[in-house]
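Notes for the one structure printed next.
Protein chains: 2
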Amino acid sequence: MGASKTEHFTEYQNQIALLAKAMGHPARIAILEFLLKSKSCICGDIVNELPLAQPTISQHLKELKNAGLIKGNIEGNAICYCINEEGFEKIKTFFETLTSKSNSNLSSECNPNETCC
Amino acid sequence: MGASKTEHFTEYQNQIALLAKAMGHPARIAILEFLLKSKSCICGDIVNELPLAQPTISQHLKELKNAGLIKGNIEGNAICYCINEEGFEKIKTFFETLTSKSNSNLSSECNPNETCC
DNA sequence: TTTATATATCGTAATATTGCAATATTAAAA
DNA sequence: TTTTAATATTGCAATATTACGATATATAAA
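As given, the protein sequences belong to chains A and B, one line each in that order. Residue numbers for the first sequence, in the UniProt record's numbering: 1 to 117. Residue numbers for the second sequence, in the UniProt record's numbering: 1 to 117.
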């Protein structure tokens, strides 16, 4: 098939999966790191920072934008890219919720007769 | 091509991307939520919790296991699955690092003449 | 031993992703 | 207006992902 059965899952599950998927490529992680490191909008030349061809980077930027992880504005001849705090907040909150749930001692609740996980 | 150029990126970037990719599907988010909600190992019947066929779920579980997000042990007739705290810690730390970097006021550092992002 | 139950693997079809060359678009500079 | 520079879009080939039926495997129960 190849297409995810999104209709069977909650809005929330699909939303988080979409954000995670957008981060599921090293080039896109590199882009995010670069934008965060610079602590400002980057108007131009993300292309020179990455070992990929210009159309490929353009595509990755588009995906990050669609997922809501970055923003891009036209600035004359160049495009200004920066982090979209809103998208980051969403996925950050998800992780905080997840990890707060996972802090209990799991193994103590398993069958004590067996070596469980 | 279809294959990511992982050799051009850092270990760290590839690691995070791999974890994020594993979370990039609603079914896998649902599985993680289920394991976290139950606060213990689930020995059997994750299949009944999800609207997908058994082989499909088996495949998703395998991916989560490979990424280091869950653990699985054979318990007689069933398999015990639970959260792998280590993998979660890794991606959680990444987000904490990222978000701590992104808390500065980005727009103030942009060109004040333009509406930048 | 036979049967039932739970999970994994294989094979395969449908679809998505990745990467890039070629080309288009758009605005600044000359 | 023509040229230059930056980014986007298109088209396409290679590969990956998703989903599931059929089947294999392995343990428990009868």
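The beta carbon of each residue, even a glycine, is placed where N, CA and C say it ideally should be.
- Query: Should E33/B be flagged as near chain A, meaning a C-beta pair shorter than 9 Å?
  - Reply: Counting from one through the second sequence, the residue named residue 33/B turns up at place 33. Yes, E33/B lies at the interface with chain A (some Cβ there is under 9 Å from its Cβ).
- Query: For P55/A, which residues in chain B fall below 7 Å Cβ to Cβ?
  - Reply: Position 55 of the first sequence, counting from 1, holds the residue named residue 55/A. Result: empty, since nearest Cβ-Cβ is about 13 Å, beyond 7 Å.
- Leaving out five residues before and five after H60/B in sequence, what residues of the same chain have Cβ atoms less than 6 Å from its Cβ? As a first step, residue 60/B is located in the second sequence; it is residue number 60 there, counting from the start. Hits under 6 Å: A27 and R28.
- So, is the C-beta of I16/B closer than 9 Å to a C-beta in chain A? Position 16 of the second sequence holds residue 16/B. So yes, I16/B belongs to the interface.
- Run through DSSP, which three-state label would A3/A get? Translated into the one-based positions of the first sequence, residue 3/A becomes position 3. DSSP places A3/A in coil when its eight states are reduced to three.
- Tell me whether N77/B is buried or exposed, calling it buried when 16 or more other Cβ atoms sit within 10 Å of its Cβ. Along the second sequence, one-based indexing puts residue 77/B at 77. Counting Cβ neighbours within 10 Å, N77/B comes out exposed, since fewer than 16 surround it.
- If we cut at 9 Å on Cβ distances, does A22/B have a partner in chain A? As a first step, residue 22/B is located in the second sequence; it is residue number 22 there, counting from the start. Interface residue, yes.
- Which chain B residues are close to S58/A, counting only those with a beta carbon under 9 Å from its beta carbon? As a working note, residue 58/A is residue 58 in the first sequence. Simply none; closest approach about 16 Å.
- Between A27/B and chain A, is there a C-beta pair that is closer than 9 Å? The residue labelled residue 27/B in the question sits at position 27 within the second sequence. At least one chain A Cβ lies under 9 Å of A27/B.
- Short Cβ contact (9 Å threshold) for A17/B with G24/A: Residue numbering aside, residue 17/B sits at position 17 when the second sequence is read from its first letter. Residue numbering aside, residue 24/A sits at position 24 when the first sequence is read from its first letter. In this structure, G24/A lies closer than 9 Å to A17/B by Cβ.
- Could you pull out every unbroken beta strand (DSSP E) segment of at least 3 residues lying fully inside the UniProt domain "HTH arsR-type" (8–106) of chain A, listed in chain order? 70–75 and 78–83
- Taking 8 Å as the threshold, find out whether the segment 5–19 of chain A comes into contact with the segment 84–98 of chain A through three or more Cβ pairs. yes
- Query: If you count every other CB in all the chains shown that lies within 10 Å of the CB of K37/B, and 16 or more means buried, which is it?
  - Reply: Taking the second sequence and counting its residues from 1, the one referred to as residue 37/B is at position 37. Exposed.
- Message: At the level of alpha carbons, what is the spacing between E11/B and K21/B?
- Response: Locating residue 11/B in the second sequence gives position 11, counting from the first residue. Locating residue 21/B in the second sequence gives position 21, counting from the first residue. Taking the straight line from one Cα to the other gives about 15 Å.
- Would G44/A be called buried (16 or more neighbouring beta carbons within 10 Å of its own) or exposed? Position 44 of the first sequence holds residue 44/A. When all chains shown are included, G44/A counts as exposed.
- Run the CB neighbour count on E75/A, radius 10 Å, all protein chains shown included, and call it buried at 16 or more, exposed below. Counting from one through the first sequence, the residue named residue 75/A turns up at place 75. Classification of E75/A: buried, given that the 10 Å Cβ count is 16 or more.
- Residue burial classification, K62/A (beta-carbon count within 10 angstroms, cutoff 16): One-based indexing of the first sequence puts residue 62/A at position 62. K62/A should be labelled exposed.
- Task: Output yes if chain B places a C-beta closer than 9 Å to the C-beta of I91/A; else output no.
- Result: What you label residue 91/A is simply residue 91 of the first sequence in a count that begins at 1. At least one chain B Cβ lies under 9 Å of I91/A.
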